[in-house]
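For reference, the structure is listed below as structure tokens.
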Amino acid sequence: MEAVFWLVALAVLVLIEIITLGLTTIWFAGGALIAFLASCLGASLFVQIVLFVIVSLAMLFFTRPVAVKYLNKKRVKTNYEGLIGKVVKITQRVDNYNQTGAAMVNGTEWTVRSVSDDVIIESGTKVKIVNISGVKLIVEEYREEL
1002 MEAVFWLVAL AVLVLIEIIT LGLTTIWFAG GALIAFLASC LGASLFVQIV LFVIVSLAML
1062 FFTRPVAVKY LNKKRVKTNY EGLIGKVVKI TQRVDNYNQT GAAMVNGTEW TVRSVSDDVI
1122 IESGTKVKIV NISGVKLIVE EYREEL
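Structure, rendered in structure tokens:
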């Protein structure tokens, strides 16, 4: 009876993985496969559960970072994620104290704030976007590397 349970669990976990494509349940499907094989070989339920937990966690912790790194390589950054690291030109003086500052990014005007409150960035200066807080770009002066 346990073999059927592990086989159904394996099928459900693989189906969820196919539907989501998010590397969420494949690790536990591997654990269910090992537990299924252990059940077929006559292992006790306790051993099956222990194998399921150990194999699932081992796969999750040791293979997930590698899989995410190589399988998500072509992931296109969307919306604001694509702006971080971009170099833009300031269109309005950036002064955190007076709450001023703007820049045009991809045809859209954004409110801009400096990383440091004591830094004022003049209009026309190139800056690098380091973060986004709400609807404000957080920038620092861009210095070209030689």
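In our numbering, each residue's number is its place in the sequence shown (first place is 1) plus 1001.
Note that CB positions come from ideal geometry on N, CA and C, so glycine has one too.
Using CA atoms only, rank isn't needed, just tell me which of E1003, S1117 and A1012 is closest to G1043. Numbered from 1 along the sequence shown, position 42 holds the residue referred to as residue 1043. Among E1003, S1117 and A1012, the Cα nearest to that of G1043 belongs to E1003.
Determine the DSSP secondary structure at E1141, reduced to helix, strand or coil. Residue numbering aside, residue 1141 sits at position 140 when the sequence shown is read from its first letter. Note: E1141 maps to strand in three-state DSSP.
When DSSP labels each residue in this structure, what does Q1093 get in the three-state scheme? Taking the first residue of the sequence shown as position 1, residue 1093 is located at position 92. The answer is strand: DSSP assigns Q1093 an E or B state.
Run through the DSSP bridge pairs and tell me what K1127 is partnered with. Reading the sequence shown from its first residue, position 126 is the one you call residue 1127. In DSSP, K1127 forms a bridge with K1090.
With DSSP collapsed to three states, give me the class of L1030. For this step, residue 1030 is matched to residue 29 along the sequence shown. According to the sequence shown, residue 1030 is Ala rather than Leu. Note: A1030 maps to helix in three-state DSSP.
How is G1102 classed by DSSP in three states: helix, strand or coil? To locate residue 1102, count along the sequence shown from 1; it is residue 101. DSSP places G1102 in strand when its eight states are reduced to three.
Consult DSSP for S1045 and reduce its assignment to one of helix, strand or coil. Residue mapping note: residue 1045 aligns to position 44 of the sequence shown, counting from 1. Coil.
Give the secondary structure of V1136 by DSSP, where H, G and I count as helix, E and B as strand, and everything else as coil. Residue numbering aside, residue 1136 sits at position 135 when the sequence shown is read from its first letter. The answer is coil: DSSP assigns V1136 none of H, G, I, E or B.
For F1047 and K1070, I'd like the C-alpha separation in whole angstroms. For the purposes of this step, residue 1047 is taken as residue 46 along the sequence shown, with counting starting at 1. For the purposes of this step, residue 1070 is taken as residue 69 along the sequence shown, with counting starting at 1. Whole-angstrom Cα-Cα distance: 34 Å.
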